[in-house]
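Asker: In my numbering, the protein residues as written are 1117 to 1185.
#1: Taking only beta-carbon positions, decide if residue 1159 is within less than 7 Å of chain B.
#2: Roughly how many angstroms separate the alpha carbons of residue 1153 and residue 1182, rounded to a whole number?
#3: Beta-carbon within less than 8 Å of residue 1144's beta-carbon, same chain only, minus the 5 sequence neighbours each way: which residues are those?
#4: Report the CB separation of residue 1124 from residue 1146 in whole angstroms; it is logged as a contact under 8 Å.
#5: Grab me the residues of residue 1128's own chain with a C-beta within less than 6 Å of its C-beta, minus the 5 sequence neighbours each way, in chain order.
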């Protein structure tokens, strides 16, 4: 299962990855910014399903650039 990247606009991105931390890392890299420059919302934590029989759901995060002052 691969990562999914959705660019909302030039200031906002959603990433699905195996873990929320991995998704955040990918988003920061894609936007070329530091964690302190963005607002992060975890939309979904990773979920392995019941005994891993129902499949794995990827974690999903939304990363939004903070306005520059």
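For each residue, glycine too, the CB sits at the ideal point set by N, CA and C.
Treat the numbers as computed from the prediction; the structure is a model and nothing was measured.
Answerer: On the basis of the coordinates in this document:
#1: This model lacks chain B altogether; it includes just one protein chain.
#2: 6 Å
#3: 1150, 1151, 1154 and 1179
#4: Not really, about 12 Å apart at Cβ, beyond 8 Å.
#5: 1180
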